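There are 2 protein chains.
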Amino acid sequence: MKKHNFSAGPCVLPQEVLKKAADAVLDFDNGLSLIEISHRSKPFVDVMENARALVLELLGLEGKGYKALFLQGGASTQFLMVALNLLEKRAGYLNTGTWANKAIKEAKIFDDVYEVASSKNANYNYIPKGYEIPSEYDYFHCTSNNTIFGTQMKEFPKCPIPMVCDMSSDIFSRQLDFSKFDLIYAGAQKNMGPAGATLVVVREEILGKVSRHIPSMMDYKIHLNKSSMFNTPPVFAVYTSMLTLEWLKNLGGIPAIEELNEKKSTLMYSEIDINPLFKGYAAKEDRSTMNATFTLENDDLKETFDTMWKEAGINGLNGHRSVGGYRASMYNALHLDSVKTLVEVMSELERKA
Amino acid sequence: MKKHNFSAGPCVLPQEVLKKAADAVLDFDNGLSLIEISHRSKPFVDVMENARALVLELLGLEGKGYKALFLQGGASTQFLMVALNLLEKRAGYLNTGTWANKAIKEAKIFDDVYEVASSKNANYNYIPKGYEIPSEYDYFHCTSNNTIFGTQMKEFPKCPIPMVCDMSSDIFSRQLDFSKFDLIYAGAQKNMGPAGATLVVVREEILGKVSRHIPSMMDYKIHLNKSSMFNTPPVFAVYTSMLTLEWLKNLGGIPAIEELNEKKSTLMYSEIDINPLFKGYAAKEDRSTMNATFTLENDDLKETFDTMWKEAGINGLNGHRSVGGYRASMYNALHLDSVKTLVEVMSELERKA
Numbered sequence: 002m003k004k005h006n007f008s009a010g011p012c013v014l015p016q017e018v019l020k021k022a023a024d025a026v027l028d029f030d031n032g033l034s035l036i037e038i039s040h041r042s043k044p045f046v047d048v049m050e051n052a053r054a055l056v057l058e059l060l061g062l063e064g065k066g067y068k069a070l071f072l073q074g075g076a077s078t079q080f081l082m083v084a085l086n087l088l089e090k091r092a093g094y095l096n097t098g099t100w101a102n103k104a105i106k107e108a109k110i111f112d113d114v115y116e117v118a119s120s121k122n123a124n125y126n127y128i129p130k131g132y133e134i135p136s137e138y139d140y141f142h143c144t145s146n147n148t149i150f151g152t153q154m155k156e157f158p159k160c161p162i163p164m165v166c167d168m169s170s171d172i173f174s175r176q177l178d179f180s181k182f183d184l185i186y187a188g189a190q191k192n193m194g195p196a197g198a199t200l201v202v203v204r205e206e207i208l209g210k211v212s213r214h215i216p217s218m219m220d221y222k223i224h225l226n227k228s229s230m231f232n233t234p235p236v237f238a239v240y241t242s243m244l245t246l247e248w249l250k251n252l253g254g255i256p257a258i259e260e261l262n263e264k265k266s267t268l269m270y271s272e273i274d275i276n277p278l279f280k281g282y283a284a285k286e287d288r289s290t291m292n293a294t295f296t297l298e299n300d301d302l303k304e305t306f307d308t309m310w311k312e313a314g315i316n317g318l319n320g321h322r323s324v325g326g327y328r329a330s331m332y333n334a335l336h337l338d339s340v341k342t343l344v345e346v347m348s349e350l351e352r353k354a
Numbered sequence: 002m003k004k005h006n007f008s009a010g011p012c013v014l015p016q017e018v019l020k021k022a023a024d025a026v027l028d029f030d031n032g033l034s035l036i037e038i039s040h041r042s043k044p045f046v047d048v049m050e051n052a053r054a055l056v057l058e059l060l061g062l063e064g065k066g067y068k069a070l071f072l073q074g075g076a077s078t079q080f081l082m083v084a085l086n087l088l089e090k091r092a093g094y095l096n097t098g099t100w101a102n103k104a105i106k107e108a109k110i111f112d113d114v115y116e117v118a119s120s121k122n123a124n125y126n127y128i129p130k131g132y133e134i135p136s137e138y139d140y141f142h143c144t145s146n147n148t149i150f151g152t153q154m155k156e157f158p159k160c161p162i163p164m165v166c167d168m169s170s171d172i173f174s175r176q177l178d179f180s181k182f183d184l185i186y187a188g189a190q191k192n193m194g195p196a197g198a199t200l201v202v203v204r205e206e207i208l209g210k211v212s213r214h215i216p217s218m219m220d221y222k223i224h225l226n227k228s229s230m231f232n233t234p235p236v237f238a239v240y241t242s243m244l245t246l247e248w249l250k251n252l253g254g255i256p257a258i259e260e261l262n263e264k265k266s267t268l269m270y271s272e273i274d275i276n277p278l279f280k281g282y283a284a285k286e287d288r289s290t291m292n293a294t295f296t297l298e299n300d301d302l303k304e305t306f307d308t309m310w311k312e313a314g315i316n317g318l319n320g321h322r323s324v325g326g327y328r329a330s331m332y333n334a335l336h337l338d339s340v341k342t343l344v345e346v347m348s349e350l351e352r353k354a
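So the protein sequences, as listed, match chains A and B. For reference, each letter of the first sequence is one residue, going 2 to 354 in the working numbering. For reference, each letter of the second sequence is one residue, going 2 to 354 in the working numbering.
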């Protein structure tokens, strides 16, 4: 039976990417596996450079002073690296949930951090708007999409200082003017590839302005000077990310995937809104196209509903404990068919109930 | 033609491991790929716990107060983490080459560091001996095997303070009393698996003794408290490491692989010593069983020799620029046949020359 993988991350990846990645584990270069060749060999250096170039091409950032890095340690390490590399006096953070809180916590180690706005009062079910960003701060930090609460920033503020964005869960999913941002980071394991690689896209001119000594592995400039190969990179995760970026480019890039993502999320939220058994969690204007969070109006139906979606081949639909209920993650590689299947199960529950 | 992969790392891995890893990329759990399931799902939590347990079992450290972690960032990140977690006043480092120097450099960010001994005077072609380790220091740090120079510590000092060892390039290759060490770390990409995972084995009681605030991702205690899942782990690299550890266990564990490694290195060094065209780089008593470094006595033969070994299917034999010449890396998964092939080529060169 076909699986419909709604996992929140790691999550569904394109089948053709999985096939090519598996082939490379067996034979990548003249009978040698991808994971047993030197990372300094030409075949792998080409992979790294191709992946870095595809990132800038897909984001429309070629020739605009940006460079891409593939690092390790996930977004959790970026919470620290951003502060180490950019925080001199004070930074402003937008608090939109769990991940923003973690970013704030790590930055606070180095200095006072100012929350420009927060939606904590409503358990993060909306995105704050109309806040001011003080122009004397070092940078402004926001989280573009909040997987746990199912909210997404639709507009980004006018920002008089460098804008840093954690795009872990919606990068490459929608068209934005990415040149508005000075530093974008993202764990690979949603729209880009397997866990184990972290993408950083940075406008070089914002670096080198803090007075602290930055440890080598935490220093963006060192990684840039070594073309993202200061130390041995996570070879498999970088290669598989490159394959996913190639898949996206061949599909028509971000405009094409955005259209598909809009179709999936429109279908999903329509069902949530018209089906009286379900209730959406996030404020309508801030609903994420990546993660739809919803609850059952009547918890007595939980067992029946859970059995039904599992029997339909659906996987990974349970909500995060901070919200409860359900979460349908609809990342780039999820087929529209999978959303149709879920929506049919929800309609069927309504007919039965 | 069969490939003989002498790469210094990433390097040769067992064929059966590569096959199982490739299979898991296609289908690991009920039709879902290893890299698209949640890391919090039971199948992956089992992988992580199995890998952590196998490490302690193979090293003979079960029930002795140690825990194993699979982190990201390579040994290069450990240079920093060791100092952040253990360095309060002063630490002693043994300087045996490039990697030791990098470890010293990162530790110096936090405090003064004392080199207990160094072999820099002879371009690191031997391991210093007979040095004192001051008992008032926080810890002693050494590098068990030096890939670039081809030296290996055969004895470890009596150490009155916690002993920290970078075993990136010879862990799981030979029998040692691993309980002499308080913290062992190793990038996976030699004897354990693909690049992208870093093993840390730590005696828990040495932690929590420094006064600084440690950032979350840099804090061993946080990773221990979260069972090596504080954030999304590098799923593929951890799984493939687990497969390699299972392969080693089925082979008979470290005693069995040590016997094979001895055979390979004895054969290799015998040829280097009896063949007048070649000269070993490292001091004989400190020769590494993992990386044999050697040069041609007459550089005019370089082109002929290079052509001959490449024609024999040999890969990755060029030496590091710090030493020049050649480096035959003979990690656990390299077959004795591969060393035989190289030795035959060296003998053939002698006959021809």
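Cβ coordinates follow ideal geometry from the N, Cα and C atoms, glycine included. If you're wondering where the values come from, they're calculated on a predicted model, not measured in any experiment.
Let me check understanding here. Comparing Cα to Cα, which of the options lies closest to residue i?
i: residue 128 of chain A; options: A:153, A:149 and A:37; result: A:153
i: residue 264 of chain A; options: A:214, A:332 and A:135; result: A:332
i: residue 69 of chain B; options: B:253, B:242, B:280 and B:318; result: B:242
i: residue 52 of chain A; options: A:130, A:247, A:269 and A:19; result: A:247
i: residue 262 of chain A; options: A:221, A:292, A:20 and A:226; result: A:292
i: residue 9 of chain A; options: A:351, A:349 and A:320; result: A:320
i: residue 2 of chain A; options: B:32, B:144 and B:150; result: B:32
i: residue 355 of chain B; options: B:106, B:99 and B:137; result: This structure gives no information on residue 355 of chain B, because the portion of chain B shown stretches from 2 to 354.
i: residue 170 of chain B; options: B:151, B:180 and B:184; result: B:151
i: residue 214 of chain A; options: B:106, B:328 and B:341; result: B:106
i: residue 197 of chain A; options: B:273, B:84, B:223 and B:230; result: B:230
i: residue 338 of chain B; options: B:325, B:326 and B:315; result: B:315
i: residue 336 of chain A; options: A:221, A:286, A:61 and A:266; result: A:266
i: residue 44 of chain A; options: A:300, A:250 and A:240; result: A:240
i: residue 117 of chain A; options: A:135, A:349, A:125 and A:78; result: A:135
Round the Cβ separation of residue i and residue j to the nearest angstrom and send it over; I've been treating them as touching at under 8 Å.
i: residue 189 of chain A; j: residue 195 of chain A; result: 6 Å
i: residue 14 of chain A; j: residue 313 of chain A; result: Not really, about 21 Å apart at Cβ, beyond 8 Å.
i: residue 108 of chain A; j: residue 92 of chain A; result: 6 Å
i: residue 88 of chain B; j: residue 71 of chain B; result: Incorrect: roughly 23 Å between the Cβ atoms, too far for contact.
i: residue 26 of chain A; j: residue 245 of chain A; result: With a Cβ gap of about 16 Å, residue 26 of chain A and residue 245 of chain A do not count as contacting.
i: residue 309 of chain B; j: residue 346 of chain B; result: 5 Å
i: residue 204 of chain A; j: residue 66 of chain A; result: 5 Å
i: residue 236 of chain A; j: residue 81 of chain A; result: Actually they are not in contact, since the Cβ atoms of residue 236 of chain A and residue 81 of chain A sit about 24 Å apart, beyond 8 Å.
i: residue 329 of chain B; j: residue 278 of chain B; result: At roughly 15 Å, the Cβ-Cβ gap does not stay under 8 Å, so residue 329 of chain B and residue 278 of chain B are not in contact.
i: residue 163 of chain B; j: residue 140 of chain B; result: 4 Å
i: residue 199 of chain B; j: residue 74 of chain B; result: 6 Å
So, is residue i buried or exposed, given that buried needs 16 or more other C-beta atoms within 10 angstroms?
i: residue 416 of chain A; result: Absent from the model: residue 416 of chain A. The displayed extent of chain A is 2 to 354, so no value can be given.
i: residue 216 of chain A; result: buried
i: residue 367 of chain B; result: Lying outside 2 to 354, the shown extent of chain B, residue 367 of chain B is not represented and no answer is given.
i: residue 191 of chain A; result: buried
i: residue 21 of chain B; result: buried
i: residue 283 of chain B; result: buried
i: residue 16 of chain A; result: exposed
i: residue 322 of chain A; result: exposed
Name, in chain order, the residues that DSSP records as bridge partners for residue i.
i: residue 67 of chain B; result: B:204
i: residue 293 of chain B; result: B:329
i: residue 153 of chain B; result: B:146
i: residue 184 of chain B; result: B:165 and B:203
i: residue 95 of chain A; result: A:118
i: residue 175 of chain B; result: None, per the DSSP bridge assignment.
i: residue 5 of chain B; result: B:315
i: residue 72 of chain B; result: B:199
i: residue 280 of chain B; result: B:296
i: residue 53 of chain A; result: DSSP lists no partner for residue 53 of chain A.
At a CB distance below 9 Å, what residues from the region 51-74 of chain B approach chain A? Give them in sequence order.
72, 73 and 74
Cβ-based contacts, 8 Å cut-off: residues of the region 209-242 of chain B near chain A
214, 216, 217, 218, 219, 231, 232, 233, 234, 235, 236, 237, 238 and 241
Could you name the residues of the region 161-193 of chain A whose beta carbon sits closer than 9 Å to any beta carbon of chain B, in the order they occur along the chain?
188 and 190
Chain B contacts from the region 33-46 of chain A (Cβ-Cβ distance under 7 Å):
33, 34, 36, 37, 38, 39 and 40
Select from the region 299-329 of chain A all residues with a C-beta closer than 8 Å to any C-beta belonging to chain B, and list them in chain order.
316 and 317
May I ask you to list, following chain order, the residues of the region 97-110 of chain A that have a beta carbon less than 9 Å from some beta carbon of chain B?
103, 106, 107 and 110
Which residues of the region 11-28 of chain B have a Cβ closer than 8 Å to any Cβ of chain A? Give them in chain order.
11, 12, 13, 14, 19, 20, 22, 23, 24, 26 and 27
Taking only beta carbons into account, state which residues of the region 138-150 of chain A come closer than 9 Å to chain B, listed in chain order.
none
Counting only Cβ-Cβ distances shorter than 8 Å, please list the residues of the region 258-288 of chain A near chain B, keeping chain order.
none
Mind checking the region 78-90 of chain B against chain A and listing, in chain order, the residues whose C-beta falls within less than 7 Å of any C-beta there?
78 and 81
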